[in-house]
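**Student:** Here it is, the structure in full.
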Amino acid sequence: RIAELKAINDMFQNIEHFVSLDTLLQEVVDEAIRVTGAEGGSLMLINKNGKKLSIKTARNLHPLISLETKIKVGEGIAGHVAKTQEPLVLNGLRDPEFKESLKREDIVSAISVPMKAGDELIGVLNVNRKKVRVEFTEENLNVMNAFASQAAEAIEKAGYYQKIERLSITNDNQFKEFTKALAKTVDAKDPYTYGHSEAVTNYTLQIAEEMGFNEEKLRLLEIGGRLHDMGKIGVAEHILNKPGGLTDEEFKEIQRHPEIGARILQDTSSLKGIRDLILYHHERFDGKGYPTRLKGKDIPLGARIMAVADTFDAMTSHRAYRKALSRKVAVAEIKKCSGTQFDPEVVDVFLKVLE
Ligand SMILES: [Fe+2]
């Protein structure tokens, strides 16, 4: 039995490798069936308000019980286990309380245990025997119970990883391609800025990597870099491409682009981090930027990095109103603006990266 539990433990050590929660849930049911010598089983998770259980995955379940089935806490065998949070072994048709449910399903013997992650009930794990006319023992119950608590911890972790996974949208290749296309659309509005978004992304990632950003944050910056000027979609082309100086009115029009970009992503909660990068990429370290005049470390670090990357690439590229500056001149300009326009720490890292 110790060897058995060790094997289970090993299985959960590599929890990060489970690609999806669904896969893990299926594995848990299969493993529960295996360690108890059962024939069928199911795993139910409790809903957010703690009032209902729904079957998330099952093996050899009665065909009439679909995965859609929801059970009220307190009702039926699993509902009873969820309510009392005590494991239950039901043998044959002798059980006075659940005799009818067992008979209906033609179950000879069943084990139903609560799944608790810490103190919190997350679901109920069930196994049963039908054809094998042998009842479960107390020993089976103990193994299943030990297994269920480890599984519960694992499921909770996997749920957590899955949430992260959903945030790291750039894992999705299609999404990546899509943002590239969108960046090109923005750049296409101004032939002189062609490739600008991609260049800003590259500089931004190099600085951020040097500053020790983790994978997750780098992905966010990658998307933010590509989309940082997407609000220019809402700015008139003749203003963006005007060769001479801009009037105050026109300048204000262009300065709306961070807000327009942020507004496009307004209702997408998973893109919040990206939205902030877009909104704040023209803020200045001394608080004299736009649109919100945020100052110093109140500006998200990613946006402070992007400000340096953006300005450097803009200076070293041809523009409608001037020729590209040399790298040397641009570097001198960035240095000059360290502490006023730019975060000095970011500038230091940027200079190191350029070397
Ligand atoms: Fe911009």
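Residue numbering for the sequence shown follows the UniProt record's numbering, starting at 1 and increasing by one per position. Every residue, glycine too, gets a C-beta built ideally from N, C-alpha and C. Keep in mind it's a predicted model, so treat the numbers as computed, not measured.
Identify which residue in Ala78, Glu156, Leu301, Asn60 has its Cα closest to the Cα of Val124.
**Tutor:** Position 124 of the sequence shown holds residue 124. Here the closest residue by C-alpha is Ala78.
**Student:** Please state whether DSSP places Ala148 in a helix, a strand or coil.
**Tutor:** Reading the sequence shown from its first residue, position 148 is the one you call residue 148. Looking at Ala148 - three-state DSSP - the assignment turns out to be helix.
**Student:** If you draw a straight line from the alpha carbon of Lys130 to that of Ile33, how long is it in whole angstroms?
**Tutor:** The residue labelled residue 130 in the question sits at position 130 within the sequence shown. The residue labelled residue 33 in the question sits at position 33 within the sequence shown. Their Cα atoms are separated by approximately 13 angstroms.
**Student:** Secondary structure at Met115, three-state DSSP: helix, strand or coil?
**Tutor:** On the sequence shown, residue 115 is found 115 positions in, with the first residue counted as 1. Of the three classes helix, strand and coil, the one that applies to Met115 here is strand, per DSSP.
**Student:** Any heavy atom of ligand 1 inside 7 angstroms of the beta-carbon of Asp30?
**Tutor:** Position 30 of the sequence shown, counting from 1, holds the residue named residue 30. False, no ligand heavy atom lies under 7 angstroms from that Cβ.
**Student:** Verify the contact flag: Asp276, CB atom, against every heavy atom of ligand 1, threshold strictly below 7 angstroms.
**Tutor:** Looking up residue 276 in the sequence shown gives position 276. No - ligand 1 has no heavy atom lying nearer than 7 angstroms to the Cβ of Asp276.
**Student:** Going straight from the alpha carbon of Ala158 to that of Leu45, what length do you get?
**Tutor:** Along the sequence shown, read from residue 1 onward, the residue named residue 158 stands at position 158. Along the sequence shown, read from residue 1 onward, the residue named residue 45 stands at position 45. Their Cα atoms are separated by approximately 13 angstroms.
**Student:** Between Phe98 and the rest of its own chain, which residues show a CB-CB distance below 7 angstroms, the 5 nearest in sequence each way excluded?
**Tutor:** In the sequence shown, counting from the first residue as 1, residue 98 sits at position 98. Closer than 7 angstroms at Cβ, skipping near neighbours: Ile77, Leu90.
**Student:** Between Arg256 and the rest of its own chain, which residues show a CB-CB distance below 8 angstroms, the 5 nearest in sequence each way excluded?
**Tutor:** What you label residue 256 is simply residue 256 of the sequence shown in a count that begins at 1. The answer, listed in chain order, is Gly231, Gly234, Val235, Pro291.
**Student:** Between the beta-carbon of Ser109 and the beta-carbon of Phe136, is there less than 8 angstroms?
**Tutor:** For the purposes of this step, residue 109 is taken as residue 109 along the sequence shown, with counting starting at 1. For the purposes of this step, residue 136 is taken as residue 136 along the sequence shown, with counting starting at 1. Cβ atoms of Ser109 and Phe136: closer than 8 angstroms.
**Student:** Specify, as a first and last residue, the run of the alpha helix (DSSP H) that Ser326 falls within.
**Tutor:** By one-based count along the sequence shown, residue 326 stands at place 326. Looking at the DSSP string, Ser326 is not in any alpha helix (DSSP H), and its letter there is neither H nor E.
**Student:** Please look up how many angstroms separate the CB atoms of Phe117 and Glu156, rounded, as I've assumed it's under 8 angstroms.
**Tutor:** Within the sequence shown, the letter at position 117 stands for residue 117. Within the sequence shown, the letter at position 156 stands for residue 156. According to the sequence displayed, residue 117 carries Ala and not Phe. Indeed, because the Cβ distance is near 4 angstroms, the residues count as touching under 8 angstroms.
**Student:** How would you call Gln341, buried or exposed, if buried means at least 16 neighbouring beta carbons within 10 angstroms?
**Tutor:** Against the sequence shown, residue 341 aligns to sequence position 341. Buried: at least 16 other Cβ atoms inside 10 Å.
**Student:** Rounded to whole angstroms, what is the Cα-Cα separation between Ile107 and Glu216?
**Tutor:** For this step, residue 107 is matched to residue 107 along the sequence shown. For this step, residue 216 is matched to residue 216 along the sequence shown. If you take the alpha carbons of Ile107 and Glu216, they lie about 48 angstroms apart.
**Student:** In angstroms with no decimal places, state the Cα-to-Cα distance between Leu205 and Ala151.
**Tutor:** Indexing the sequence shown from 1 puts residue 205 at position 205. Indexing the sequence shown from 1 puts residue 151 at position 151. Whole-angstrom Cα-Cα distance: 38 angstroms.
**Student:** Would you check if the distance between the CB atom of Ile239 and the CB atom of Ala262 is smaller than 8 angstroms?
**Tutor:** Along the sequence shown, read from residue 1 onward, the residue named residue 239 stands at position 239. Along the sequence shown, read from residue 1 onward, the residue named residue 262 stands at position 262. It is not a contact, given that the beta carbons lie outside the stated cut-off.
**Student:** Buried or exposed, going by whether 16 or more other CB atoms sit within 10 Å of the CB of Ala181?
**Tutor:** Taking the first residue of the sequence shown as 1, we reach residue 181 at position 181. Ala181 comes out exposed.
**Student:** What residues does ligand 1 have around it, judged by CB closer than 7 angstroms to any heavy atom, in chain order?
**Tutor:** In chain order, the qualifying residues are His228, Asp229, His257, Pro258, His281, His282, Asp310.
**Student:** For Lys352, does the count of other Cβ atoms within 10 angstroms reach 16, so buried, or fall short, so exposed?
**Tutor:** Here residue 352 refers to the residue found at position 352 when the sequence shown is read from its first residue. Per the 10 Å Cβ criterion, exposed.
**Student:** Quick one: any contact between the segment 292-301 and the segment 316-331, if contact means 3 or more CB pairs under 8 angstroms?
**Tutor:** No, because fewer than three Cβ pairs between the segment 292-301 and the segment 316-331 fall closer than 8 angstroms, the two stretches do not touch.
**Student:** How far does the beta strand (DSSP E) with Arg129 in it extend, from its first residue to its last?
**Tutor:** Here residue 129 corresponds to residue number 129 of the sequence shown, with the count starting at 1. Run containing Arg129: 120-129, per the beta strand (DSSP E) assignment.
**Student:** Would you give the residue range spanned by the alpha helix (DSSP H) that Gly41 belongs to?
**Tutor:** Position 41 of the sequence shown holds residue 41. Premise fails: Gly41 lies in the beta strand (DSSP E), 40-46, not in any alpha helix (DSSP H).
**Student:** In whole angstroms, what separates the C-alpha of Tyr280 from that of Glu177?
**Tutor:** In the sequence shown, residue 280 corresponds to position 280, counting from 1. In the sequence shown, residue 177 corresponds to position 177, counting from 1. Spanning the two alpha carbons is a distance of roughly 24 angstroms.
**Student:** Skipping 5 residues on each side, what residues in its chain have a beta carbon closer than 7 angstroms to that of Asn202?
**Tutor:** Within the sequence shown, numbered from 1, the residue matching residue 202 stands at position 202. Counting only Cβ-Cβ distances below 7 angstroms, and skipping sequence neighbours, we find nothing.
**Student:** Expressed to the nearest angstrom, what Euclidean distance is found between the alpha-carbon atoms of Asn49 and Gly225?
**Tutor:** As a working mapping, residue 49 is identified with position 49 in the sequence shown. As a working mapping, residue 225 is identified with position 225 in the sequence shown. Their backbone Cα atoms lie some 39 angstroms apart in a straight line.
**Student:** Using 10 angstroms around the beta-carbon of Pro114, count the other beta-carbons present and answer buried if the total reaches 16, otherwise exposed.
**Tutor:** The sequence position of residue 114 within the sequence shown is 114, counting from 1. Answer is buried; the Cβ neighbour count reaches 16.
**Student:** Judging by CA-CA distance, which residue of Val134, His282, Asp310, Lys72 is the nearest neighbour of Ala38?
**Tutor:** Mapped onto the sequence shown, residue 38 falls at position 38. Ranking Val134, His282, Asp310, Lys72 by Cα distance to Ala38 puts Val134 first.
**Student:** Who pairs with Leu141 in a beta bridge, going by DSSP?
**Tutor:** The count along the sequence shown starts at 1 and reaches residue 141 at position 141. In the DSSP output, where bridge partners are listed per residue, Leu141 has none listed.
**Student:** Is DSSP giving Ala236 helix, strand or coil here?
**Tutor:** Sequence index remark: in the sequence shown, residue 236 carries index 236 (1-based). Coil at Ala236, not helix or strand.
**Student:** Which of helix, strand or coil does DSSP assign to Thr204?
**Tutor:** Here residue 204 refers to the residue found at position 204 when the sequence shown is read from its first residue. Helix at Thr204.
**Student:** Based on the DSSP secondary-structure assignment, which residues constitute the bridge partners of residue 356?
**Tutor:** With the chain covering 1 to 355 only, the question about residue 356 has no answer from this structure.
**Student:** Does the beta carbon of Gly79 come closer than 8 angstroms to any beta carbon on chain B?
**Tutor:** Here chain B cannot be found, since the structure has a single protein chain.
**Student:** For a test of the three-state rule: what should DSSP assign to Lys70, helix, strand or coil?
**Tutor:** The residue given as residue 70 occupies position 70 in the sequence shown. Of the three classes helix, strand and coil, the one that applies to Lys70 here is strand, per DSSP.
**Student:** Tell me the DSSP secondary structure of Ser101 in three-state form.
**Tutor:** For this step, residue 101 is matched to residue 101 along the sequence shown. Note: Ser101 maps to helix in three-state DSSP.
**Student:** Please state whether DSSP places Phe342 in a helix, a strand or coil.
**Tutor:** Within the sequence shown, numbered from 1, the residue matching residue 342 stands at position 342. It is a strand residue.
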